[in-house]
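Residue numbers (my numbering), protein chains in the order written: chain S, 1 to 278; chain D, 1 to 325; chain V, 1 to 383.
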């Protein structure tokens with residue numbers, strides 16, 4: 001099993017080498033959070049055909065665009081590894097403002113896990129050599145929050161998850177990151193290359209202009225088949241196996257307090273004591 | 001080389017072991033016993049007091065010491081654990097809490113080890129020889145059970161998924177292992193700023209009191225804070241409150257905020273829209289207070305009160321206060 | 001026969017839906033209650049570039065085809081009715097004749113800023129005593145001094161009090177009846193042009209509707225829009241097809257919103273121990289709505305397709321409008337019945353759907369007038 005070693009390189013600062021940043025954004029098409037999901041059997045889940053670009057990925061796209069606005073000359077591209085629906089996430093990226101996009105893989109990737117997805121994305125990123133990779137913190141389907149860190153490990157670059165702020169210091173060329181940790185924001189510094197996963201608050205996705213929507217509608221999305229990527233003999237299966245699906249446990253019907261308050265407050269207090277939560 | 005152990009990566013916050021760590025130590029012991037494995041707590045950096053406390057909760061503590069191990073950083077944490085694996089062997093499983101840190105470094109470690117990794121799980125058990133985990137999908141609209149097929153198997157576990165067992169105490173021993181960490185690995189921490197000004201942390205809290213737009217104004221949240229005080233609870237908010245600028249996103253409960261599983265969740269003036277519900281519906285007991293009898297939140301509650309929150313909350317607070325006495 | 005929208009059209013629809021969901025819908029109730037034109041929202045929406053939907057690229061437009069525009073109107077109508085009416089007026093009726101007939105100078109002065117949302121436009125057909133009956137138009141234009149003098153009052157003008165320009169239907173010769181009608185461009189600032197009273201409407205709040213007064217307003221010859229005077233009715237027919245299909249899809253959108261909301265309600269509302277969605281009479285309402293809604297929507301898109309294909313479809317467009325608006329009347333009525341007493345409360349959206357939907361019966365031709373015309377046509381030409 002091949003894996004990368006940590007690269008003990010002195011981090012490069014954007015200003016020092018007077019680099020125009022190249023930023024790669026990773027996006028995924030997922031079911032809308034209001035789409036109806038029904039567990040039909042242990043092996044099958046039925047999902048309403050309402051798909052959108054994952055919420056945190058849109059934030060990643062917007063962040064990349066913001067950096068480009070502040071640093072003209074920044075190159076942006078977006079990648080999506082997935083089945084045929086992945087193309088729609090890339091159209092969304094175009095509508096929002098990223099012109100260069102690539103669809104990696106084919107329908108066989110429809111149910112790919114984080115691990116395999118990360119391998120495919122990393123293989124392409126190794127060829128494209130971005131300075132900064134931005135992706136969503138977690139995807140709206142499996143909420144795994146793993147692809148970002150896994151890609152960073154495969155590329156051998158540092159990463160920060162759940163980033164709420166990112167700025168490039170014009171004097172030092174360092175990338176300043178704010179990371180949301182329980183009850184705190186940790187302010188970190190980095191050079192490039194770097195990967196960050198976007199948390200809510202990093203950027204506010206804008207509503208795309210119709211001219212870009214039209215452009216995205218008509219765009220031909222380039223595809224890179226899996227066998228053109230150097231996956232270093234990784235096997236798609238082998239680390240996880242899904243045993244079964246299950247419907248979410250349903251709560252028994254609510255007990256409503258009989259009116260009126262305040263006489264009946266003791267009823268609520270007794271209920272809480274009974275349940276052992278006081 | 002394999003070592004027949006289950007490791008728990010310990011995490012500290014504000015100088016103490018997290019509740020999640022304590023829960024995992026209990027779970028790890030149980031899983032280890034079932035398969036005749038050892039259980040060890042892994043402390044990276046930290047103080048003697050942490051090692052001592054861990055030794056009371058785990059038969060073995062592997063204390064990784066060395067320069068630059070603190071404060072936490074993903075690549076440095078990973079390097080330390082990897083050195084331990086190279087030194088001691090691949091454990092059967094590595095568990096960590098699904099905290100900001102756990103979710104950040106564990107997938108990276110999994111890729112380093114070539115391991116199967118299951119994230120944000122709510123239960124772990126053995127199915128024959130495979131470690132199996134249960135986790136929510138689609139924001140909680142479905143669940144899946146995953147078997148982890150590698151050594152080690154890596155799992156991050158949601159806070160509140162396991163209860164801390166009563167008989168956790170044990171007299172464990174601590175072993176120190178020196179970790180040699182080169183310079184320039186990972187990111188540099190410049191400063192840490194508190195956002196909740198010392199308020200109780202949502203993910204760790206046993207009890208959470210949450211407020212929505214129905215609270216009316218940010219000033220009214222004082223009532224919630226008083227109730228939270230009596231219950232020793234953390235205060236959460238709905239997305240609407242964050243969007244209105246009343247509270248920080250750090251306290252948001254919901255799909256784009258935090259997903260929590262406290263023992264008691266009291267939803268005040270929260271409509272119960274699905275993106276909020278998906279963040280709290282695994283709570284053990286849910287009480288909802290809302291002036292609208294048709295509010296969606298009552299669908300996901302165990303106990304409901306229809307009334308004006310601004311009246312109900314102070315009355316409840318007082319009743320609980322006198323109860324305490 | 002292919003009944004599917006293309007992937008491109010679906011993507012466009014999803015993008016418009018997203019824009020409406022994020023910018024307009026959160027303010028639906030606020031706009032309805034304030035009953036004022038939301039200029040800030042107008043500016044935000046204009047920045048997205050949709051106002052140039054049907055217009056040539058050289059003026060900043062998108063040259064979208066008919067079906068794409070209809071998708072836009074349908075998605076837009078899911079949000080605030082008043083706002084969507086103002087936007088549609090701007091894109092469709094308010095600028096149509098300028099884009100089609102005006103001189104280059106006028107286009108630069110009026111059309112280009114209109115597409116940017118900087119100038120608001122409208123069209124003036126209706127008068128106090130004449131609505132569907134165009135021959136009853138009294139506003140007149142008399143040739144004078146290298147131009148025309150316009151006199152009259154127009155009523156029920158969308159965006160009347162906020163418009164920067166308008167296209168006025170006036171008669172140059174009352175004795176010629178319909179053949180005397182022509183369109184003229186009048187701009188804010190033209191002497192004698194003023195706004196009169198605003199109508200306090202039952203619904204469609206957010207759109208301002210009122211009276212426009214033309215008191216000896218002189219406009220130069222070039223402001224006569226069209227190839228010579230007297231073509232007003234012919235041109236009206238051209239635009240009315242699109243207006244009617246747009247109205248039909250408007251009706252479909254409102255009907256769908258009302259019933260979707262009622263659906264959510266039916267699933268939660270408990271009566272006599274179970275959710276009302278379990279009762280047959282409630283289920284019948286949804287079943288009926290579903291069938292009629294699908295039929296109305298299909299018909300509307302078929303009419304749109306006929307327009308796009310350049311087929312003569314005057315009657316199909318009228319039928320689509322008539323059918324869809326009737327369907328919508330029923331849908332908002334049934335939805336409010338499902339809601340029961342709660343539909344009577346202003347805090348729930350059902351009352352807004354009821355109020356907004358009502359105008360559909362009159363806009364683009366009164367329902368009963370259409371029935372008369374269509375009935376006569378049917379008798380003439382057979383089924």
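Think of the CB as a built atom: it goes at the ideal place given N, C-alpha and C, for glycine as much as any other residue.
- Query: So, does the CB of residue 296 of chain D fall closer than 9 Å to a CB anywhere in chain V?
  - Reply: Position 296 of the second chain, counted from the start, is the residue given in the question as residue 296 of chain D. Flagged as an interface residue toward chain V: residue 296 of chain D, by a C-beta distance shorter than 9 Å.
- Just confirm the distance between the C-beta atoms of residue 229 of chain S and residue 120 of chain S, as a whole number of angstroms; I'd bet it's less than 8 Å. Within the first chain, numbered from 1, the residue matching residue 229 of chain S stands at position 229. Within the first chain, numbered from 1, the residue matching residue 120 of chain S stands at position 120. Between residue 120 of chain S and residue 229 of chain S the Cβ distance is about 6 Å, and since that is below 8 Å, they are a contact.
- Check the Cβ-Cβ distances between residue 208 of chain S and every residue of chain V, and say whether any is below 9 Å. Working through the first chain from its first residue, we reach residue 208 of chain S at position 208. Taking Cβ atoms only, chain V reaches closer than 9 Å to residue 208 of chain S, which makes this a yes.
- Boundaries of the beta strand (DSSP E) in which residue 210 of chain D is found, first to last residue: As a working note, residue 210 of chain D is residue 210 in the second chain. Residue 210 of chain D -> beta strand (DSSP E) spans 207 to 211.
- Message: Please list the terminal residues of the continuous alpha helix (DSSP H) segment that includes residue 243 of chain V.
- Response: For the purposes of this step, residue 243 of chain V is taken as the residue at position 243 of the third chain. Unbroken alpha helix (DSSP H) run through residue 243 of chain V: 232 to 268.
- Task: Mind checking who residue 75 of chain S pairs with in its DSSP beta bridge?
- Result: Here the question's residue 75 of chain S lines up with position 75 in the first chain. In the DSSP output, where bridge partners are listed per residue, residue 75 of chain S has S/22.
- Query: Are the beta-carbon atoms belonging to residue 189 of chain D and residue 293 of chain D less than 9 Å from one another?
  - Reply: Counted from its first residue, the second chain places residue 189 of chain D at position 189. Counted from its first residue, the second chain places residue 293 of chain D at position 293. No. Outside cutoff.
- Please confirm whether residue 153 of chain D and residue 118 of chain D have their CB atoms less than 9 Å apart. Counting from 1 along the second chain, the entry for residue 153 of chain D is found at position 153. Counting from 1 along the second chain, the entry for residue 118 of chain D is found at position 118. Yes.
- Item | Whole-angstrom distance between residue 309 of chain D and residue 54 of chain V, CA atom to CA atom | Start at 1 with the first residue of the third chain, and residue 54 of chain V comes out as number 54. Start at 1 with the first residue of the second chain, and residue 309 of chain D comes out as number 309. One C-alpha to the other measures close to 51 Å.
- Query: Is residue 265 of chain V close to chain D, meaning its C-beta is less than 9 Å from at least one C-beta of that chain?
  - Reply: In the third chain, residue 265 of chain V corresponds to position 265, counting from 1. Yes, because at least one Cβ of chain D sits closer than 9 Å to the Cβ of residue 265 of chain V.
- What are the start and end residues of each continuous beta strand (DSSP E) run of 3 or more residues lying completely inside the stretch 273 to 338 of chain V, in chain order? none
- Item | Buried versus exposed call for residue 291 of chain V [16 or more other C-beta atoms within 10 Å across all chains shown] | Your numbering for residue 291 of chain V matches position 291 in the third chain. When all chains shown are included, residue 291 of chain V counts as exposed.
- Task: Evaluate residue 247 of chain S with the Cβ neighbour count: other Cβ atoms within 10 Å of its Cβ, from every protein chain shown; 16 or more gives buried, anything less gives exposed.
- Result: Indexing the first chain from 1 puts residue 247 of chain S at position 247. Result: exposed.
- Query: Within 9 Å (strictly less), CB to CB, does residue 268 of chain S reach chain D?
  - Reply: To locate residue 268 of chain S, count along the first chain from 1; it is residue 268. So yes, residue 268 of chain S belongs to the interface.
- Task: Leaving aside the five residues before and after residue 265 of chain D along the sequence, list all residues of the same chain whose C-beta is less than 6 Å from its C-beta, in chain order.
- Result: Sequence index remark: in the second chain, residue 265 of chain D carries index 265 (1-based). Excluding residues within five positions, the ones whose Cβ falls inside 6 Å are 208, 280, 283 and 286.
- Query: How would you label residue 152 of chain V, buried or exposed, when you count the other beta carbons within 10 angstroms and need 16 or more for buried?
  - Reply: Residue 152 of chain V sits at position 152 when you count from the first residue of the third chain. The residue is buried, with at least 16 neighbouring Cβ atoms inside 10 Å.
- Message: On the criterion of 16 or more Cβ atoms from any shown chain inside 10 Å, does residue 6 of chain S qualify as buried, or is it exposed?
- Response: Indexing the first chain from 1 puts residue 6 of chain S at position 6. Because the pLDDT at residue 6 of chain S is just 49, under 50, the model does not fix this residue reliably, and the value given afterwards should be weighed accordingly. Answer is buried; the Cβ neighbour count reaches 16.
- So, helix, strand or coil for residue 130 of chain S, using DSSP? Here residue 130 of chain S is taken as the residue at index 130 of the first chain, counted from 1. Residue 130 of chain S falls in the coil class under three-state DSSP.
- Item | Contact check, residue 163 of chain S vs residue 199 of chain S, beta carbons under 9 Å | By one-based count along the first chain, residue 163 of chain S stands at place 163. By one-based count along the first chain, residue 199 of chain S stands at place 199. Contact flag set, yes.
- Query: Out of curiosity, what's the CA-to-CA distance linking residue 256 of chain V and residue 91 of chain V?
  - Reply: Translated into positions along the third chain, residue 256 of chain V becomes position 256. Translated into positions along the third chain, residue 91 of chain V becomes position 91. One C-alpha to the other measures close to 23 Å.
- Any contact of the stretch 356 to 374 of chain V with the stretch 35 to 46 of chain V, i.e. 3+ C-beta pairs under 8 Å? no
- Do three or more CB pairs link the stretch 267 to 279 of chain D to the stretch 207 to 227 of chain D at distances below 8 Å? Three or more pairs of CB atoms, one per stretch, sit closer than 8 Å, so the stretch 267 to 279 of chain D contacts the stretch 207 to 227 of chain D.
- Message: At 4 residues or longer, what runs of the alpha helix (DSSP H) sit wholly inside the stretch 66 to 120 of chain V?
- Response: 66 to 76, 81 to 88, 94 to 101 and 112 to 116
- Item | CB of residue 338 of chain V within 9 Å of CB of residue 293 of chain V, strictly | Along the third chain, one-based indexing puts residue 338 of chain V at 338. Along the third chain, one-based indexing puts residue 293 of chain V at 293. No, these two residues do not count as a Cβ contact at 9 Å.
- Message: Please list, in chain order, the chain D residues whose beta carbon lies closer than 8 Å to that of residue 268 of chain V.
- Response: For the purposes of this step, residue 268 of chain V is taken as residue 268 along the third chain, with counting starting at 1. Neighbours of residue 268 of chain V on chain D, chain order: 294, 296 and 299.
- Query: Among S/207, S/11, S/48 and S/43, which has the Cα closest to the Cα of residue 30 of chain S?
  - Reply: Here residue 30 of chain S refers to the residue found at position 30 when the first chain is read from its first residue. For the residues S/207, S/11, S/48 and S/43, the minimum Cα distance to residue 30 of chain S belongs to S/48.
- Task: To the nearest angstrom, report how far apart residue 1 of chain S and residue 154 of chain S are at their CA atoms.
- Result: Looking up residue 1 of chain S in the first chain gives position 1. Looking up residue 154 of chain S in the first chain gives position 154. Bear in mind that the predicted position of residue 1 of chain S carries a pLDDT of just 31, short of 50, making it too unreliable to give a figure here.
- Item | Own chain, CB closer than 6 Å to residue 38 of chain S, minus 5 neighbours either side, in chain order | What you label residue 38 of chain S is simply residue 38 of the first chain in a count that begins at 1. The residues are 46.
- Please work out which residues of its chain come closer than 6 Å, Cβ to Cβ, to residue 3 of chain S, disregarding the five sequence neighbours upstream and downstream, and give them in chain order. Taking the first chain and counting its residues from 1, the one referred to as residue 3 of chain S is at position 3. At residue 3 of chain S, the pLDDT of 37 sits below 50, so the modelled position is not reliable and the matter cannot be decided from this model.
- Query: Does residue 250 of chain V have its Cβ less than 9 Å from a Cβ in chain D?
  - Reply: Your numbering for residue 250 of chain V matches position 250 in the third chain. No, no contact with chain D.
- Message: Going by DSSP in three states, residue 172 of chain S sits in which element: helix, strand or coil?
- Response: For this step, residue 172 of chain S is matched to residue 172 along the first chain. Coil at residue 172 of chain S, not helix or strand.
- Contact set between residue 128 of chain D and chain S, taken where Cβ atoms lie within less than 8 Å: Position 128 of the second chain, counted from the first residue, corresponds to residue 128 of chain D. Going along chain S, no residue has its Cβ under 8 Å from residue 128 of chain D, so there is no contact; the nearest lies around 11 Å.
- Query: Among all the DSSP beta bridges, which residues are the ones paired with residue 154 of chain V?
  - Reply: For the purposes of this step, residue 154 of chain V is taken as residue 154 along the third chain, with counting starting at 1. Beta-bridge pairing links residue 154 of chain V to V/212.
- Item | Bridge-paired residues (DSSP) for residue 53 of chain S | Taking the first residue of the first chain as position 1, residue 53 of chain S is located at position 53. DSSP output for residue 53 of chain S lists S/29 as bridge partner(s).
- According to DSSP, is residue 18 of chain D helix, strand or coil? Position 18 of the second chain holds residue 18 of chain D. Note: residue 18 of chain D maps to coil in three-state DSSP.
- Query: What residues in its chain sit with their C-beta under 7 Å from that of residue 388 of chain V, if we drop five residues either side in the sequence?
  - Reply: The requested residue 388 of chain V is not part of the displayed model; chain V covers only 1 to 383.
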